[in-house]
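Under the numbering used here, think of the first position of the sequence shown as 1003, with each following residue one higher.
Beta carbons are placed, not taken as given, at the ideal position from N, Cα and C, and that holds for glycine.
Everything on this sheet refers to the single structure shown next.
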Amino acid sequence: MARSTAENSLARTATIIESTVNRQLLQIDSVLASLPDLFAAAGSNGAAASSETASRLLQGFNAQSLVFRDLVLLSPDGTVWASGRSRPLGQAIGIAPGAGDGERLGGRSRLMGPVRNPQTGEWSLYLVRPVSLSGNQPFWAAAEVPAARLTRLLLEAAGSPTLQIRLERPNKTLLASLPHDELAMGKQAAEPSDGSSSFSTTRTTLYDDVIVEVVADASVTMADWRQDQDRLLMLVSLAELLMLASAGGLLAALRRREQLEQERMRARRTLENAIDAMSDGFAMWDADDRLIMSNAKFRDLFLQTGELFVPGTSFEDMVRDAARDGRYHREDEADRDHWIGDLLNWHRKAEGSLEYRLADGRWLLAKERRTEAGEWVGIRTDITPLKQAQAALEAARLEAERAHREAEARNAVLIEQERQIRFLAHHDPLTGLTNRALFRTELDRMALASELGGSGTLALLYLDLDRFKEVNDTLGHPVGDMLLREVARRLEACVGESGLVARLGGDEFAIACLFAEPVFQSRRLGEKIVASLSRPFRLKGRPVTIGASVGIMIANKLAHDADTLLRMADMALYEAKGAGRGTCRFFDPAVETRLLHRHDLAQDLQQSILRQEIVVEYQPVFDLKTNAPVAFEALARWDHPERGRVSPADFVPLAEETGLIEEIGAYVLAQACLEASQMSVPLRIAVNLSPVQMRSDGIFTTVMDALKHSGMPPSRLELEITESALLADSDRVAQLLRRFHDEGIKIALDDFGTGYSALGYLRSFPFSKIKIDQSFVREMTTHPNSAAIVSTIVRLADQLGLDTTAEGVETEDQLTLVRAAGCREAQGFLLGHPRRRLSDFVMPGNEESNKIAPRLLG
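As structure tokens, then:
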């Protein structure tokens, strides 16, 4: 009886230990089983998780669980792919699930080991389960359980320090033991001899290859029995004490039986408490699918349906009663019946896991296994927080997708902007042609290819548009921009694929081509361009006619870089424009010499203003009726210290091109007003204003300041302007001239007859005098037509109330003819040469007036 009692007690203890180990491993198993759902929730549109992301997710489980030391994901080759604790990735941890283990296990877990942790040196077991993560290759999920932690668990479950407990494989390979045996870990135990003095019992856990063996020392277990045996032997020898010894032995046996019953009840309560203490719901059904037991967590998960979990109730009855009461989250009866059928089939198979939702919105994860005896063991886990996290992750994924789409849209805009920026960096934004920067680069490349014996010789054509400024000034800049775009299209049509067309700025264009016969082909192309651009353009419903001049430079050994080629082509263009526009000219070294001379002259002109080499001379204007001077024209002259007297025909156009004419003109105006104000006879002083000065915003202020500083009245000042000054912004010029006229200043139209539409100007502008160009005066003696033109101009001026002055009178015959034509005034070398100071002239009324009156001033 003592032996049977000891064996029964040992079996109950083994059952408690088995249940404890099952609970520990099931909790770990539930964590491993939930990993695919966690990774699926953390994924983004099915994208594979990275090793770093997986490690961060596993860290969360490590922080929340005390049942295992670490979670790792193993690649198929057994190396660490992700870990909840810091450990080298790609490291082998001593276990290597086989390639066919996943199919053989059917999705279940397996306890592997023991192996030594390569970092801590401790013995550890690994609960391994095949998992498939979204977007990744299959993995093995492994939870590390230190052997020392299992030893403590066995000690707590045993309740007696005298028991020997072994957690081992069916082949006796030691996984963990109490007491801990460091040398026997992972080794097979020797088979005990037949004379072993101990009791042992084994229990197979839910994991088939893990067995719990409990061994009790027979000498300790049977100690009470041996005492009874000694007493019986004593009673045999002492008959008189037989009854007393028997009674004592019986009493001791009864007490021992009561003690064993108490231990059995304590073991039962320990098992029940352990099951109730589980963090997950636990229930067990017998082989007939009737409820045996359930823990408090299982009943709490189902709230109101807890009253249905009465031992003896079948699983199907519980499910249907709960569904009938609306405890599950289903919308209609048909769907509910179909779902109940699926749930019952899944329960009977006891494979895999199942998620379902209760009526109050909570989500449960159900897992069930069959025992060897045919019972069902069920685990229920509340995964509502996980589902909420999944929903949050899904919302985050959708938000990330939206942000990604917005980022892609912004990126597309940035790419287009970058493309436009790159285009504008090398192209003219108005015409789309190559700009100066890119053209210089391409010109150097083509020149190098030509020099290295490429497909031809480089020819550079440099051109600008004739009369483009008139279009801009008369029709406006928008029309001018339209014209430039049309010019660009015609140039591209002329050049085709044989060359590169560029806009260098303003109305300047350049073309680079590689020609086999550069002189002939470049001339033909230049003439083709001139002819094309001379054809009228149709802009905003009106015809516009311009022209073009072309300068051509052929690359050679002395001129093969972009700067030199452009400079020489520009010189050739200057020569073409000087030849009458609408022509093509090749570069001529003589042109370079002239341009260099002109450049040096421009530099000297700049210095001449600082050195005060510009002087003012005065030429008299005579009244042909009184033969007396009535005015003096102020003329700018340049006395160069080395070049001598520089002709105004040379330096005045140069001053207009460089902008120095404004400074020179202001000086001449101020000097003329100042000296005229000191004359004894208040005659008029005439000062020329160039077209450049007329375009200046400060010209009115300049004129009025000169009068103010000199003190000369405005009525004595006569401003002479040419017809070319009236072409640009005629409305503005008319307004400016009216302001001068309102101040009392006289306005004379200089070089009349050589412009474009002089008659229209006489009607539109407040002129007081017409100055007949000297070209007509000089030809009066040789060309009757010129004399007729002069007479017509005089009669027209008389009818309009304007005075007339004949310029360039150099002979007596010319003087006679301009008198006969009716001119009121005249000037020229015959009447008086320009002089440096007004005081150099003898005025009428002096003591010498009788000498000069018959011959005018001379």
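N-terminal and C-terminal residue of the beta strand (DSSP E) that residue i is part of
i        : result
Ile-1772 : 1771-1774
Val-1082 : 1082-1085
Arg-1364 : Premise fails: Arg-1364 is in no beta strand (DSSP E) and is neither H nor E.
Asp-1219 : 1213-1219
Met-1782 : It is not in any beta strand (DSSP E) - Met-1782 carries neither H nor E in the DSSP assignment.
Arg-1118 : 1112-1118
Val-1069 : Where Val-1069 is concerned, there is no enclosing beta strand (DSSP E), given that its DSSP letter is neither H nor E.
Lys-1862 : No answer is possible for residue 1862: it lies beyond the span of the chain, which begins at 1003 and ends at 1860.
Ala-1178 : 1176-1180
Contact under 8 angstroms by Cβ, residue i with residue j
i        : j        : result
Gly-1549 : Leu-1527 : no
Ala-1145 : Leu-1073 : yes
Leu-1506 : Ala-1514 : no
Phe-1284 : Phe-1304 : no
Ile-1556 : Thr-1459 : yes
Glu-1827 : Thr-1813 : no
Leu-1113 : Leu-1027 : yes
Val-1133 : Leu-1037 : yes
Ala-1361 : Gly-1328 : yes
Val-1023 : Leu-1169 : yes
Ile-1687 : Phe-1634 : yes
Ala-1678 : Arg-1718 : yes
Val-1130 : Ile-1097 : yes
Gln-1166 : Leu-1180 : yes
Ser-1793 : Gly-1824 : yes
Ile-1294 : Val-1321 : no
Met-1484 : Leu-1416 : no
Arg-1610 : Leu-1516 : Strictly speaking, residue 1610 in this sequence is Ser, with Arg absent from that position. Not a contact, by the Cβ cut-off of 8 angstroms.
Unbroken alpha helix (DSSP H) run spanning residue i, endpoints
i        : result
Lys-1299 : 1298-1303
Val-1473 : 1470-1477
Gln-1166 : Counting along the chain, Gln-1166 falls outside any alpha helix (DSSP H), though it belongs to the beta strand (DSSP E) covering 1166-1170.
Ala-1325 : 1317-1326
Under the three-state DSSP convention, the category residue i falls into
i        : result
Gly-1661 : coil
Val-1147 : strand
Gly-1048 : Low local confidence applies: a pLDDT of 43 at Gly-1048 is under 50, so the model's placement there is unreliable, with the coordinate-based value given in what follows. Reduced to three states, the DSSP call for Gly-1048 is coil.
Pro-1693 : helix
Ser-1457 : coil
Glu-1420 : helix
Leu-1465 : strand
Glu-1725 : helix
Asp-962  : The question about residue 962 has no answer, for the chain in this structure spans 1003 to 1860.
Ile-1531 : helix
Ser-1698 : coil
Asn-1852 : With a pLDDT of 35 at Asn-1852, under the threshold of 50, the modelled position of this residue cannot be trusted, and the question is left open.
Gly-1667 : helix
Glu-1488 : helix
Lys-1351 : helix
Val-1023 : helix
His-1642 : strand
Asp-1290 : coil
Ala-1279 : coil
Thr-1206 : strand
Ala-1008 : helix
Val-1312 : coil
Thr-1015 : helix
Leu-1502 : strand
Whole-Å CB distance - residue i paired with residue j, under 8 angstroms assumed
i        : j        : result
Leu-1691 : Phe-1653 : Wrong, their Cβ atoms sit about 17 angstroms apart, outside the cutoff.
Ser-1698 : Glu-1664 : 6 angstroms
Val-1552 : Leu-1575 : 7 angstroms
Ile-1019 : Phe-1070 : About 19 angstroms; that fails the 8 angstroms criterion.
Pro-1716 : Ile-1666 : In fact, because the Cβ distance is near 22 angstroms, the residues do not count as touching under 8 angstroms.
Gly-1584 : Val-1532 : 6 angstroms
Ser-1006 : Leu-1273 : The pair is not a contact, with the Cβ atoms about 21 angstroms apart (cut-off 8 angstroms).
Gly-1834 : Pro-1622 : 4 angstroms
The ligand FAD heavy atom lying under 7 angstroms from the CB of residue i
i        : result
Gly-1584 : Ligands displayed in this structure: none; no statement on the ligand FAD is therefore possible.
### Runs of beta strand (DSSP E) wholly within the segment 1578-1639 (minimum 3 residues, chain order)
Complete beta strand (DSSP E) runs here, min 3: 1586-1588, 1616-1625.
### Query
What are the uninterrupted segments assigned as beta strand (DSSP E) that are 3 or more residues long and contained completely in the segment 1509-1561, given in chain order?
Complete beta strand (DSSP E) runs here, min 3: 1510-1517, 1539-1541, 1544-1546, 1549-1556.
### Message
Please give me, in chain order, every unbroken run of the beta strand (DSSP E) with length at least 3 that falls completely inside the segment 1370-1435.
### Response
Listed in chain order, the complete beta strand (DSSP E) runs (minimum 3 residues) inside the segment 1370-1435 are 1378-1384.
### Task
Could you pull out every unbroken alpha helix (DSSP H) segment of at least 4 residues lying fully inside the segment 1811-1845, listed in chain order?
Complete alpha helix (DSSP H) runs here, min 4: 1814-1823.
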